[in-house]
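Data block below; observations after.
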């Protein structure tokens, strides 16, 4: 199944509910997925090497999703094979005082991946049109303005060679509950539990609506949104790797032209 | 073989020449090393999870070595199993104009790993007492001053909970030549070749001397130098993992105290 399967048509209204978070495509279980995941992971590493050598373009994965959708996990399980020197992860939490004193794109702009680099945003500037809307911290007209700012910001990045890949990890509300329970009972995960997650959970439907608006207002052919079913972690990992590999393959990456002078050097060595 | 095997006695003069870059300890080949590498890697990931959860301490790997000693490779092969969200790699190249307009520790200070994080410096502020000395850009008395600045800087970091692990990847001059040849002939590696590496290679002995001075002047019980034989990459990876695991094990890491209120929450979920 190609990555395009998960890509939303841009500018169209999508109902998240209509997408099955339990989907596993043509794959039946983790065992069947493993060799595919391994193959894609190796391919992605090879492409990263060319991207890094070329130093003309970069890749930005924007990873969004409800609490427990597996945003941290996907960075480790699907993208963890990338060379750490060329891979930079940024987590966006509540803004600091300094961040809040700037426009909402300022802190994201600072950590956009440089040429040759791959970046992953765990949450992103999209939170500024998600949590803020769900809690009515901003008006609808302010949200509309922000959609435009985001679209122009992404155009700027694209014009500088940044390939933007926006991924929404799609889970069900029941699945979230099971994961929250698991966090409370597993001593190696309990530290991740945040009482506030229960508060946000109450606004589940409002979040889905806010996301649907984002998908409609902030998609383009060059920077589309992908909705990845994530109730099955192994399928999530396979799908994200598939999308990632296709994204890098579309960039016409090439090793830099070789300096013929170097051949003479080789003879002297 | 414990990581301590690679640790230099602090304050003592060491002759790098006396250490065999071909050493493989009790291991005979890559095949024998693999299961050990895997076991150590899993252990390191588990320790990283506690470090990240605890958020009270951090770890800084300072990775130094001659060109082709495998500084980039070790970050991928030995430390690549770390969760990318909690692992941050910084490469130090020739200073930018802004960096050069500050003291030599300024740019390093900015990227010191925050509490909960693991950082790796590929090259570091130690270059300011290595390449600079080899080319006589600084005097011996300036170098002595810098040693003191470095020692005080490392004390500051330690006082804030940073565990500093300094690793010198030790290769032979012949091995470097073979690797340089390989870079020139392998089309996926040719982009890494820098003609300047040949110039630096001519100062091999001066570099070894400058390193020996660093080891003598900038070691302490809490921030020692480790010399890792690196002609065999699999041994290098095993040794660095062994050192890393022991470093984290020495930090008395613990998950944060659990909030008993959460148990009541669980009943309500």
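Protein chains in written order, with the working numbering: chain X, 1361 to 1629; chain Z, 1361 to 1629. Ideal Cβ positions, reconstructed from N, Cα and C, are used throughout, including at glycine.
Residue 1553 of chain X has a beta carbon lying within less than 8 Å of a beta carbon in chain Z. Listed along chain X, no residue sits closer than 9 Å to residue 1430 of chain Z by beta-carbon distance, the nearest being about 12 Å off. Straight across, the Cα-Cα distance linking residue 1551 of chain Z with residue 1484 of chain Z is about 22 Å.
Listed in chain order, the beta strand (DSSP E) runs fully inside the stretch 1531–1597 of chain Z are 1585–1589, counting runs of at least 3 residues. The alpha-carbon separation between residue 1373 of chain Z and residue 1579 of chain Z amounts to approximately 11 Å. For residue 1397 of chain X, the uninterrupted alpha helix (DSSP H) run begins and ends at 1390–1414, by DSSP. Legend: CB atoms of the stretch 1431–1449 of chain X lying less than 9 Å from CB atoms of chain Z belong to residues 1432, 1435, 1436, 1439, 1440, 1441, 1442, 1443, 1444, 1445, 1446, 1447, 1448 and 1449. Between the alpha carbons of residue 1492 of chain X and residue 1577 of chain X lies a distance of about 16 Å. At a cut-off of 8 Å between C-beta atoms, residue 1608 of chain Z does not count as an interface residue with respect to chain X. Going by beta carbons, residue 1498 of chain X and residue 1442 of chain X fall outside the 8 Å limit. Scanning its chain for C-beta atoms nearer than 6 Å, with the 5 sequence neighbours on each side dropped, one finds around residue 1590 of chain X the residues 1429, 1430, 1529, 1530, 1531 and 1596, in chain order. Sequence-distant Cβ neighbours of residue 1513 of chain Z in its own chain, meaning closer than 6 Å and more than five residues away, are 1465. Here residue 1461 of chain Z is exposed. Its C-beta has fewer than 16 other C-beta atoms within 10 Å. Residue 1423 of chain X is bridged by DSSP to X:1482 and X:1527. DSSP links residue 1449 of chain X through a beta bridge to X:1480. Note that the C-beta distance between residue 1449 of chain X and residue 1435 of chain X is below 8 Å. Just so you know, the alpha carbons of residue 1582 of chain X and residue 1425 of chain X end up roughly 21 Å apart. With a 10 Å radius around the Cβ and a threshold of 16 neighbouring Cβ atoms, residue 1526 of chain X comes out buried.
By the Cβ rule, the stretch 1604–1621 of chain X does not count as touching the stretch 1367–1384 of chain Z, because fewer than three pairs are nearer than 8 Å. Neighbours of residue 1413 of chain Z in chain X, taken as residues at a C-beta separation under 7 Å, are given in chain order as 1551.
Taking the beta carbon of residue 1423 of chain X as reference, no residue of chain Z falls within 9 Å; the closest one sits roughly 11 Å away. By the neighbour-count criterion, in which a residue is buried when 16 or more other Cβ atoms sit within 10 angstroms of its Cβ, residue 1383 of chain X is buried.
For residue 1522 of chain Z, DSSP records a beta bridge to Z:1418. Closer than 8 Å to the CB of residue 1531 of chain X there is not a single CB belonging to chain Z. Within chain Z, the residues 1406, 1409, 1410, 1413 and 1615 have their CB atoms less than 9 Å from the CB of residue 1548 of chain X, given in chain order. Excluding sequence positions up to five before and after residue 1380 of chain X, its CB lies within less than 8 Å of the CB of 1589, all in the same chain and listed in chain order. Distance from residue 1489 of chain X to residue 1574 of chain X at the Cβ level is roughly 6 Å; contact confirmed, criterion being Cβ atoms closer than 8 Å. Not flagged as an interface residue toward chain Z: residue 1456 of chain X, since no C-beta distance is shorter than 8 Å. For the pair residue 1400 of chain X and residue 1602 of chain X, the CB atoms are nearer than the 8 Å cut-off. Taking the beta carbon of residue 1524 of chain X as reference, no residue of chain Z falls within 7 Å; the closest one sits roughly 19 Å away. Annotation for residue 1419 of chain X: 1478 and 1523 place their beta carbon closer than 6 Å to its own, counting only its chain and skipping 5 residues before and after. Counting every other CB atom within 10 Å of its CB across the protein chains shown gives residue 1375 of chain X a total below 16, marking it as exposed. Residue 1559 of chain Z counts as exposed, since fewer than 16 other beta carbons sit within 10 angstroms of its beta carbon. Annotation: Cβ neighbours of residue 1618 of chain Z in chain X (cutoff 8 Å, chain order): 1547 and 1550. Taking CB atoms only, residue 1482 of chain Z has a neighbour in chain X less than 8 Å away.
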